[in-house]
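This report refers to the structure that appears directly beneath it.
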Amino acid sequence: MPPTESLSPLERKQPLSIVVIGASGDLSMRKILPALFALYCQHRLPEQFHIVGFARSDISNEHFRDMIAKGLTCRYSSADECEKQKAEFLRRCTYVQGEYDDAESYRKLHQELSHMDPAGKENRIFYLSIPPFLFLDVARALAKADLVHREQPSGWSRVVVEKPFGSDRASSDELTNEMGKVFDEVQTFRIDHYLGKEVIQNLMVLRFANLIFDPVWNRRYIHSVSISWTEQIGLEGRAGYFDKYGIIRDVMQNHLLQILALVAMEQPVAYEAGYIRDEKVKALRCVPTLEMKNLVVGQYTAGPGQVGYLEEPGVPRHSITPTFSAAVLHVQNRRWDGVPFLIRAGKAMNTSMTEIVIRFQNVPGNIFAKNMGHLSTNQLRIRVQPDAGISLRIANKEPGLRMSLNDSVLDLSYASAFQEVIPDAYESLILDVVRGDGSLFIRGDELEAAWDIFTPTLHELDDTHVKPRGYAFGGTGPEAAHQLAARYGVTW
Ligand SMILES: NC(=O)c1ccc[n+]([C@@H]2O[C@H](COP(=O)([O-])OP(=O)(O)OC[C@H]3O[C@@H](n4cnc5c(N)ncnc54)[C@H](OP(=O)(O)O)[C@@H]3O)[C@@H](O)[C@H]2O)c1
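In structure tokens form, the structure reads like this:
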């Protein structure tokens, strides 16, 4: 399989240390380390690399390797080859036990890193896979321990942070400013893993590497855009995190808004990080603050065999945290003025899926009125998950002697069209961090623009204690969300 993106021969020669802070956690074991292994199997890491896990848990190197081994899968090489690769990969993984705010712990980390390059000049990635309240303490401690390279001739240092980046514009700005004292913006990689998903990466290709979409990609031809994210599961034990943030901060402000920016943005000057992010920021800056009249918040109640949100362990009995939200945004520029962007995110729903639906305007002057009184509109459906794919609904003549029309679908299903292994989003994103390509990461000004859209609304929800509308576990969300969509002529 040809590599899509690879390291240059020079990059392959530069030693790299990857430090996973919070390595004992779920994300590290389920996503980060398996993604690193997948990259290793494809020869997309430098020849000399070393992975150091750092966390408070008392874990030996052997135990750490056992934990990692459970999450590794063989997708890129034969079973025999993969077993050898596993052994070699695990040999390069070590663990340092320490406290996140303790200088002595970072001295131990320093010592561990010196095994890679005694002069300490190898490249370094610090992946902060820890709860966000620890980000600043850890960044400052890394700097204090002199672990962060800021200038040549040392190698480079990069930091990867996971959402949530703050909980509103002010807290996000503070985090950005304080982190900026340790890591420059170009060293900072804010992950939104949705941007690493294959179909989302394809959005720019679909729009800008094809001729047929651009002429109709505007208010004249597009009636509405909807972006939905739903999952069938409820809290799954994440009350501590989720109840503090809620669905708007957890999913809408980042994943869904990033997708909206990719759908709405203008063509960048070139396929390069700076240009792409310039266009995304411009699109987001054209979106006015979300109005309360265009927002529905919900909270799941008990459903068949399932408890409601308020009965979940760890949730305060009177919590008003939304587990569902539907909103209508507008992009007020020449291309999109008047086109509603409907976005919806919900837990404990009837399906688990993420998709974008572009609905086109009605066909004017129906010459087939005798055969089909009302022509359906064209719909471009981009399925992110499950069953990644792109489909276009068209009107079509039914084969036969009569002129009878129906709706047919031109369907590009990734599973049947492509033989290649579809990489996990983390593989793609971590490779970009190693290569220093920030195209699929969120820049500071993008984050500001995204928070500006939601912050006043989030404050109003909190200040006025808006009670979310109930919806049954396993259903389609609150009735009010369907009514909101209907106001814009859309069915979710
Ligand atoms: N899991 C996901 O799918 C996912 C998805 C998107 C974003 N994220 C973000 O990614 C980061 C890591 O996620 P995660 O699910 O791996 O988190 P996690 O398991 O809750 O935490 C990771 C590690 O941090 C340490 N830790 C947890 N709570 C702590 C506390 N109160 N005080 C000090 N240390 C604590 C624990 O290690 P020790 O006790 O060993 O120190 C834990 O193993 C978080 O910022 C999360 O918001 C996760």
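Using this note's numbering, the first residue of the sequence shown is number 43, and each one after it goes up by one. Backbone N, C-alpha and C define an ideal beta-carbon position, used for all residues, glycine too.
Applying a distance threshold of 7 Å between residue Cβ atoms and the heavy atoms of ligand 1 selects 64, 66, 67, 68, 69, 70, 72, 73, 97, 98, 99, 142, 171, 172, 173, 174, 176, 204, 205, 206, 235 and 283, given in chain order. For residue 525, the three-state secondary structure derived from DSSP is helix. Between residue 397 and residue 425, the CB-CB gap stays under 8 Å. Residue 214 sits in a helix when the DSSP states are folded into three classes. Nearest to residue 322 by alpha-carbon distance, out of 465, 237, 505 and 338, is 237. Taken atom to atom, the span from the alpha-carbon of residue 86 to that of residue 248 is near 26 Å.
Inter-segment contact for the stretch 445-463 and the stretch 165-182 is absent: fewer than three beta-carbon pairs are separated by less than 8 Å.
Residue 80 and residue 116 have their C-alpha atoms roughly 8 Å apart.
Ranked by Cα distance from residue 214, the options 490, 483 and 369 are led by 490. Using a Cβ distance threshold of 8 Å, residue 183 and residue 210 do not count as a contacting pair. 8 Å or more divides the Cβ of residue 302 from the Cβ of residue 207.
Under the DSSP assignment, residue 451 falls outside any alpha helix (DSSP H), being part of the beta strand (DSSP E) whose first and last residues are 447-455. Between residue 306 and residue 345, the gap from beta carbon to beta carbon reaches 8 Å or more.
In this chain, residue 382 is not harboured by any alpha helix (DSSP H); it is covered by the beta strand (DSSP E) spanning 382-388. By the 16-neighbour rule on beta-carbons within 10 angstroms, residue 341 is buried. If you look at residue 104, you'll find it in the alpha helix (DSSP H) that goes 103-113. For residue 271, the secondary structure class from DSSP, reduced to helix, strand or coil, is strand. In the DSSP assignment, residue 136 falls within the beta strand (DSSP E) that extends over 135-139. Inside the stretch 299-365, DSSP marks whole beta strand (DSSP E) runs of 3 or more residues at positions 337-343, from first to last along the chain. Proximity to residue 287 across 528, 250, 504 and 517 peaks at 504, based on C-alpha coordinates.
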